[in-house]
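S.K.: Handing you this structure, nothing more for now.
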Amino acid sequence: MNYLYFLYIEFLTRHNIPKLFGDITFYFIPFCVIAAALLVVVLILVLAERKLLGFFTQRKGPNRVGFWGIMQTVADAFKLLCKENITPDKVDVFLFNLAPILVFIPMFAALGIIPYSAEFTFVNTQTNVILYLILAAFPILSIFLAGWASNNKYSLFGAMRSIAQVLSYELPITFVVLSIAVLASSLNLTGITYAQFSKWGIAGWFIFPCILGFIIMFISILAELNRCPFDLPEAESELVCGYNTEYSGMRFAIFYLTEYSMMFANAMFISILFLGGYLSPFGKYLFSSSFLIYFEQAFWLFLKAGILIFIMIWIRATLPRLASFDLLKFSWTVLLPLSILNLFIAVLIKMGGALC
Amino acid sequence: MTTTTLKLNLGPQHPSTHGVLRLLLELKGEKILSCEPDIGYLHRGMEKMAEKMTYLQYLPTVDRIDYLAGFFYSELLCRIVEKAMEVELPDKVRAIRVMLLELNRIASHLLWVGAFLMDLGAVSPFFYVFREREMILRFFEKLTGQRMMYNYFVFGGVRRDIDFLDGVEEIISILPKKIDDYEKIITENPIFLRRTVGKGILEPEIAFNYAITGVNLRASGVDYDYRNSDDLYRGFDFRTVVLEEKDSWARYKARISEMRECVNIVGQALDYLKRAGVLEQRLINPLNLKLPAGDYYSEIEAPRGLACCYVRSDGGEKPYRLKWRTGSYYSVNLLRKLLVGEYLNDAVAIAGSLDIILPEVDK
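Sequences listed follow chains A and B, in order. Residue 5 is where the first sequence starts when you use the working numbering, and the numbers rise one by one after that. Residue 23 is where the second sequence starts when you use the working numbering, and the numbers rise one by one after that.
Here's what the structure looks like:
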């Protein structure tokens, strides 16, 4: 970030603008960048999901708006913007309106602490892994608010299931993250990325010592994202649409946006923990100029996240939904013990490495 | 601390009720304490309507009783008239009818597989089954001009001769492979097993008390298939699929196996039709058709259980009273019993496994 900061200050001083102005405004820029990038990413993700689901089910997917259906999600987003925001009778109006706002903020903040490349880390604190975990679990609060405030039984069921699900899958995630922290001796996402650097590229990635942890993490993230086969909170065949049944127009769009940006953020989070984050899989970068390398690093991160998202969509096209009891049982009796075992293995590897 | 139960209206506008079924559920947490099916949202007065129409006028409407298996109901009405007028069907007409009925049964079961998996949360099989169902519907369309409301069987025969069979040949050569594909992605899937094995157990005694017939009964270990004693199926060699497991999984497996048997029957009918000559049939003149006074009854093994038609005629050109018996009607009633004590998301799966079609229930 320092590099960008100096570039920015230099740019300002060249135009005779005081440094103080730069100090204040510099921290707003990343959020503008994220907000702009986020919309684009979500539009692409929604289109990708619909296209891929189409291909998996032998359909064409959206193919009318724009070339190859590219503008379909733009049209959908525009439609949602134009739609009326219906507030049903007898809802808790304050909470009902608060929920979509609250769901958006933590997700936005979570994207700010992800190291996109060696330079593009907007907020870099020493323990930002913990911070990320907190922010990633935060939307559940607004999901509950939405379910409760909607005054709808289906919404309430969705919210209830959502909470039970996130609470039970949060623990395995924490244990897996702990094992990564042990391996990397760091609780910083950039630090974890550096710890996976090796001359031979992928050989240093934590997926190899922690393949068990990777699988646990992937499953738990699926559950936390309410994605198939863990999409019980939004089980459309049972609960109509779960917690966002009563939402319409832009409020619904915000829930939708959050869902997909969380998917993107969490896929990047897994890539950072296990797949070397922004490091190149070949050990060396294709570009030599330091400025281009930053973009190449971001490209590698997005590619890894994209592959993970592809797998998530693939799973959605393949599997039926779990029953709610199996869901909780699976977490507490299978994933949690395994994640503790994974932590144990990680500690052994670390101790072995220290002894050698 | 007092606890109260939650009354939940599942339907009539709900994605998983397959139409306009309304289930009044009483829930404690997610556990169902009682279930009260509320039907009639799709009632079209099919029975009362018959009293105002001649047999010929009524014939095209009966396809609408079950839009997924229209042939079965027109077959029932034709059979009533043929019985009353004492007409014996020629072999070729029988073969054509059996072939179409069984193809229709396959189409109906295919759609059920997709809808059931949709209830369980798997999206893809729904599209796969539509792809195969499309082949069958294409053939029907080519033959009858209609995809769902065929109006092809007429009193004493069929509307026109079949002079092309390549569509059917394609279906029976492709379908077994496709059914294998479904089984690969569904049958042994651990999540699918967890959600169906041991869920919604239907004991044979309960099934008898609730007058359950068809695949649901055969999946409970009762060997009863009306096709075995049906005169129409005389000379066809097929196996009755009976499974002992009694649960949702058995009902799924029974339908899958039954589809294979249907392919087998269609193959036999096809072989006959290839050898048979030009269609010779003695049609009953439908104009001014008067059934002799008396009671007439016909039954058939429809995809959703035994379907029956009962006609009382007073010798006029309109039925004095007409009554339909449809399989789904009894399956809906069974929900009252099967869903109690289950959890909400299992309830959707169990209701889906019974193969309920609402137009058939409400008539």
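Ideal placement from N, C-alpha and C gives every residue a C-beta, glycine not left out. Since the structure is predicted, the reported quantities are computational estimates derived from the model, not experimental observations.
For L249(A) and chain B, any beta-carbon pair shorter than 8 Å?
M.R.: As a first step, residue 249(A) is located in the first sequence; it is residue number 245 there, counting from the start. Correcting the residue identity first, residue 249(A) is Thr in this sequence and not Leu. Output row for T249(A): interface = no.
S.K.: Output the residue ranges of the alpha helix (DSSP H) runs that lie fully inside the stretch 136-171 of chain A and measure 4 residues or longer, sorted by chain position.
M.R.: Counting only runs of 4 or more, we get 143-153.
S.K.: Ends of the beta strand (DSSP E) at P92(A)?
M.R.: Sequence index remark: in the first sequence, residue 92(A) carries index 88 (1-based). Premise fails: P92(A) is in no beta strand (DSSP E) and is neither H nor E.
S.K.: In the DSSP assignment, the alpha helix (DSSP H) including K199(B) goes from what residue to what residue?
M.R.: Here residue 199(B) refers to the residue found at position 177 when the second sequence is read from its first residue. Unbroken alpha helix (DSSP H) run through K199(B): D188 to I208.
S.K.: Looking only at its own chain, which residues have a Cβ that is under 7 Å from the Cβ of A371(B), when we skip the five neighbours before and after it?
M.R.: Position 349 of the second sequence, counted from the start, is the residue given in the question as residue 371(B). So the list reads D141, L142, R217, T218, K221 and S270, once near-sequence residues are dropped.
S.K.: I want to check one thing, is the minimum distance from the CB of I234(B) to the heavy atoms of the ligand FMN below 7 Å?
M.R.: Among the components of this structure there are no ligands whatsoever, and the ligand FMN is therefore not found.
S.K.: At 7 Å on the CB atoms, spell out the chain A contacts of R66(B), in chain order.
M.R.: In the second sequence, counting from the first residue as 1, residue 66(B) sits at position 44. Within 7 Å Cβ-Cβ: nothing; R66(B) doesn't reach chain A, min ~26 Å.
S.K.: Please state if the CB of V244(B) and the CB of R277(B) are separated by a distance shorter than 8 Å.
M.R.: Here residue 277(B) corresponds to residue number 255 of the second sequence, with the count starting at 1. Here residue 244(B) corresponds to residue number 222 of the second sequence, with the count starting at 1. Against a cut-off of 8 Å, the Cβ pair of V244(B) and R277(B) comes out as no contact.
S.K.: Can you pull the chain B neighbours of T322(A), defined as C-beta to C-beta under 9 Å?
M.R.: On the first sequence, position 318 is the one that residue 322(A) refers to. In chain order: A144, S146, I207 and N211.
S.K.: Against chain B, with Cβ distances strictly below 8 Å, would L236(A) count as a contact?
M.R.: Position 232 of the first sequence, counted from the start, is the residue given in the question as residue 236(A). Yes, because at least one Cβ of chain B sits closer than 8 Å to the Cβ of L236(A).
S.K.: Name the two residues that bound the continuous beta strand (DSSP E) containing D60(B).
M.R.: In the second sequence, the residue the question calls residue 60(B) occupies position 38. First-last of the beta strand (DSSP E) with D60(B): K53 to D60.
S.K.: Should S294(A) go down as buried or exposed, given a rule of 16 or more other Cβ atoms within 10 Å for buried?
M.R.: Indexing the first sequence from 1 puts residue 294(A) at position 290. Exposed, since its Cβ has fewer than 16 Cβ neighbours within 10 Å.
S.K.: Using a Cβ-Cβ cut-off of 6 Å (strictly less than) and excluding sequence neighbours within five positions of I223(B), which residues of its own chain qualify?
M.R.: Numbered from its first residue, the second sequence carries residue 223(B) at position 201. Here the set comprises K268 and D269.
S.K.: Any idea if D397(B) is buried or exposed, counting beta-carbon neighbours within 10 angstroms, 16 or more meaning buried?
M.R.: There is no way to answer for residue 397(B), as the model of chain B reaches only from 23 to 385.
S.K.: Three or more beta-carbon pairs under 8 Å between the stretch 272-282 of chain A and the stretch 248-256 of chain A, yes or no?
M.R.: Short answer: they don't touch.
S.K.: Answer with yes or no whether the minimum CB distance from R54(A) to chain B is below 8 Å.
M.R.: Start at 1 with the first residue of the first sequence, and residue 54(A) comes out as number 50. Chain B contact via Cβ: absent.
S.K.: Please list, in chain order, all residues of the same chain as P176(A) whose beta carbon is under 6 Å from its beta carbon, the five residues on each side excluded.
M.R.: Position 172 of the first sequence, counting from 1, holds the residue named residue 176(A). The residues are I220, S224, L339, L340 and S343.
S.K.: In the structure shown, what three-state DSSP assignment does V244(B) receive?
M.R.: Along the second sequence, one-based indexing puts residue 244(B) at 222. Coil.
S.K.: Which residues in chain A sit within 9 Å of L45(B), going by Cβ to Cβ distance?
M.R.: Residue 45(B) sits at position 23 when you count from the first residue of the second sequence. Within chain A, no residue comes near L45(B); the closest Cβ sits about 12 Å away, beyond 9 Å.
S.K.: Are T129(A) and A321(A) touching if we call contact CB-CB under 8 Å?
M.R.: What you label residue 129(A) is simply residue 125 of the first sequence in a count that begins at 1. What you label residue 321(A) is simply residue 317 of the first sequence in a count that begins at 1. Cβ atoms of T129(A) and A321(A): not closer than 8 Å.
S.K.: How many whole angstroms separate the CB atoms of L106(A) and L149(A), which I take to be in contact at a CB cut-off of 8 Å?
M.R.: Translated into the one-based positions of the first sequence, residue 106(A) becomes position 102. Translated into the one-based positions of the first sequence, residue 149(A) becomes position 145. Correct: roughly 7 Å between the Cβ atoms.
S.K.: Compare the beta carbon distance of I319(A) and P237(A) with 8 Å and say whether it is the shorter of the two.
M.R.: Here residue 319(A) refers to the residue found at position 315 of the first sequence. Here residue 237(A) refers to the residue found at position 233 of the first sequence. Not a contact, by the Cβ cut-off of 8 Å.
S.K.: If you follow the beta strand (DSSP E) that S335(B) is in, where does it begin and where does it stop?
M.R.: Mapped onto the second sequence, residue 335(B) falls at position 313. Start and end: G327 to S335.
S.K.: Based on DSSP bridge pairs, tell me the residues matched to L81(B).
M.R.: Within the second sequence, the letter at position 59 stands for residue 81(B). Looking at the DSSP assignment, L81(B) forms no beta bridge with any residue, so it has no partner.
S.K.: Check each candidate in K23(A), L57(A) and T29(A) and name the one with the smallest Cα separation from I313(A).
M.R.: Position 309 of the first sequence, counted from the start, is the residue given in the question as residue 313(A). Nearest C-alpha to I313(A): L57(A).
S.K.: Looking at chain B, which residues of the stretch 126-143 of chain A have a Cβ within less than 7 Å of any of its Cβ atoms?
M.R.: Cβ contacts with chain B come from no residue of the stretch 126-143 of chain A.
S.K.: With which residues is I322(B) paired in a DSSP beta bridge?
M.R.: Residue numbering aside, residue 322(B) sits at position 300 when the second sequence is read from its first letter. DSSP, once it has assigned bridges, lists A329(B) as partnering I322(B).
S.K.: Tell me whether the beta-carbon of P104(A) lies closer than 8 Å to the beta-carbon of F268(A).
M.R.: Here the question's residue 104(A) lines up with position 100 in the first sequence. Here the question's residue 268(A) lines up with position 264 in the first sequence. No; because the gap between Cβ atoms is not below 8 Å, this pair is not in contact.
S.K.: Residues of chain B with CB closer than 8 Å to the CB of Q62(A), please, in chain order.
M.R.: On the first sequence, residue 62(A) is found 58 positions in, with the first residue counted as 1. Here the neighbours are F149, Y150 and R153.
S.K.: Which same chain residues, not among the five before or five after L279(A), have their C-beta less than 7 Å away from its C-beta?
M.R.: Translated into the one-based positions of the first sequence, residue 279(A) becomes position 275. W209, I211 and K308.
S.K.: Quick check on the DSSP output: what are the complete alpha helix (DSSP H) runs of length 4 or more inside the stretch 210-283 of chain A, in order along the chain?
M.R.: The qualifying runs are 215-228, 240-243 and 253-278.
S.K.: Roughly how far, in whole angstroms, is the beta-carbon of V109(B) from the beta-carbon of I306(B), given that I think they are within contact range, below 8 Å?
M.R.: The count along the second sequence starts at 1 and reaches residue 109(B) at position 87. The count along the second sequence starts at 1 and reaches residue 306(B) at position 284. Contact holds; Cβ gap of about 6 Å.
S.K.: Would the stretch 338-350 of chain B and the stretch 72-79 of chain B be scored as touching if the rule is three or more Cβ pairs under 8 Å?
M.R.: In short, these stretches touch, since the Cβ pair count reaches three.
S.K.: Give the straight-line distance between the Cα atoms of P34(B) and K296(B), rounded to the nearest whole angstrom.
M.R.: For the purposes of this step, residue 34(B) is taken as residue 12 along the second sequence, with counting starting at 1. For the purposes of this step, residue 296(B) is taken as residue 274 along the second sequence, with counting starting at 1. P34(B) and K296(B): Cα-Cα distance of roughly 47 Å.
S.K.: Return the residue from the list L292(B), A106(B), F260(B) and V120(B) that minimises the CA-CA distance to S335(B).
M.R.: Mapped onto the second sequence, residue 335(B) falls at position 313. Measuring from the Cα of S335(B), the nearest candidate turns out to be A106(B).
S.K.: Would you list the residues sitting across from E48(B) in a DSSP beta bridge?
M.R.: Here the question's residue 48(B) lines up with position 26 in the second sequence. Answer by DSSP bridge pairing, in chain order: K29(B) and S56(B).
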